[in-house]
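S.K.:
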Amino acid sequence: MTIRVLLADDQTLVRAAFAMLVESAPDMEVVGQADTGRTAVALARAERADLVVMDIRMPDLDGIEATRLLAADEDLAGVKVLMLTTYDTDEHVVEALRAGASGFLVKDTRPADLLDAIRTVAAGEALLSPGPTARLIARVLRAPDAPALAAGGGPEGLTDRERQVLALVARGLNNTEVADALGLSPLTAKTHVSRIMGKLGARDRAQLVIVAYESGLVAPGG
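Dropping the structure here:
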């Protein structure tokens, strides 16, 4: 099945380079290019993109606000957002995840990694490694002016097993790795993750990571 990709970046050369890369993959196609967040939202609706590769910093409407509009549109509920940033210390990353992005990459990532990231996010997985992303989220959410909980609540209402699963998801493990770590079947792990998302009111695994760090269930380096 071909992944329909929309590219949103205000730099023409960056969009052109990404377009060539995406079109080189047999399982992807570029269905549109946008130089502002507002154009990205309009094209996502018009072209029925599966995934938007979205730059955080754009004129007119930035990538975070554009992502928020996409997430709020019921007709675009299936559209995934992979956020791009220049630096992995960009604190807007947390805001982007709250807005509905399913993950982020730095712009200087390797070409093969970008394609893998598109496939990962399009498949419904959050692109959140236990490295820079986890450290960044933990640091920002410990700040005194950190915003309130993004999802429906904290992990207090979860079972012990669900809390274990949530902690592993927050460390970047996928369903298969969670299953291996806890001695479960992959289907059971997936069921736990779905149930946790329902209880916490989270849109995706990215928000589960935010909840886990924000509540203190997972600590920096934990």
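Counting from 1319, one number per residue, gives the positions in the sequence shown under this note's numbering.
Even glycine gets a Cβ: it sits at the ideal position worked out from N, Cα and C.
Let me check one thing: in DSSP terms, what residues is valine 1284 bridge-paired to?
M.R.: For the chain, the structure presents residues 1319 to 1540; residue 1284 sits outside this window and is missing.
S.K.: CA-CA distance, methionine 1372 and glycine 1381?
M.R.: Your numbering for residue 1372 matches position 54 in the sequence shown. Your numbering for residue 1381 matches position 63 in the sequence shown. C-alpha separation (whole angstroms): 6 angstroms.
S.K.: Would you tell me roughly how many angstroms separate the C-alpha atoms of leucine 1433 and aspartate 1328, rounded to the nearest one?
M.R.: Position 115 of the sequence shown, counted from the start, is the residue given in the question as residue 1433. Position 10 of the sequence shown, counted from the start, is the residue given in the question as residue 1328. Cα to Cα, the separation comes out at about 20 angstroms.
S.K.: Is the CB-CB distance between alanine 1520 and valine 1529 below 8 angstroms?
M.R.: If you number the sequence shown from 1, residue 1520 lands on position 202. If you number the sequence shown from 1, residue 1529 lands on position 211. Cβ distance < 8 angstroms, so alanine 1520 and valine 1529 count as in contact.
S.K.: Give every residue of the same chain whose Cβ lies closer than 6 angstroms to the Cβ of alanine 1343, excluding the five residues on either side of it in the sequence, and list them in chain order.
M.R.: The residue given as residue 1343 occupies position 25 in the sequence shown. Once the five neighbours on either side are set aside, the close Cβ partners of alanine 1343 are Leu1433.
S.K.: Secondary structure at leucine 1379, three-state DSSP: helix, strand or coil?
M.R.: Mapped onto the sequence shown, residue 1379 falls at position 61. In the structure shown, leucine 1379 sits in coil (DSSP, three-state: anything other than H, G, I, E or B).
S.K.: If you reduce the DSSP assignment to three classes, tell me which class threonine 1308 lands in.
M.R.: Residue 1308 falls outside the range modelled here, since the chain spans only 1319 to 1540, and no answer is possible.
S.K.: Mapping DSSP to helix, strand and coil, what is lysine 1398?
M.R.: Sequence index remark: in the sequence shown, residue 1398 carries index 80 (1-based). Three-state DSSP puts lysine 1398 in a strand.
S.K.: Roughly how many angstroms lie between the CA atoms of leucine 1526 and valine 1332, to the nearest whole one?
M.R.: If you number the sequence shown from 1, residue 1526 lands on position 208. If you number the sequence shown from 1, residue 1332 lands on position 14. Roughly 31 angstroms separates the two Cα atoms.
S.K.: Buried or exposed: which applies to isoleucine 1368, given that a residue is buried once 16 or more other Cβ atoms fall within 10 Å of its Cβ?
M.R.: As a first step, residue 1368 must be located in the sequence shown, where it is residue number 50. One point to set straight first is that residue 1368 is aspartate, not isoleucine, in the sequence displayed. It counts as buried.
S.K.: For glutamate 1383, which residues of its own chain have a beta-carbon under 7 angstroms away from its beta-carbon, when the five flanking residues on both sides are left out?
M.R.: Looking up residue 1383 in the sequence shown gives position 65. Hits under 7 angstroms: Gly1355.
S.K.: Between the Cα of alanine 1488 and those of Thr1509, Ile1514, Leu1502, spot the shortest distance and give me the residue it belongs to.
M.R.: The sequence position of residue 1488 within the sequence shown is 170, counting from 1. When each option's Cα is compared against that of alanine 1488, the closest is Ile1514.
S.K.: Which of the three DSSP states, helix, strand or coil, is assigned to valine 1340?
M.R.: As a first step, residue 1340 must be located in the sequence shown, where it is residue number 22. Correct three-state label for valine 1340: helix.
S.K.: Glutamate 1347 and threonine 1385: beta carbons closer than 8 angstroms?
M.R.: The sequence position of residue 1347 within the sequence shown is 29, counting from 1. The sequence position of residue 1385 within the sequence shown is 67, counting from 1. Not a contact, by the Cβ cut-off of 8 angstroms.
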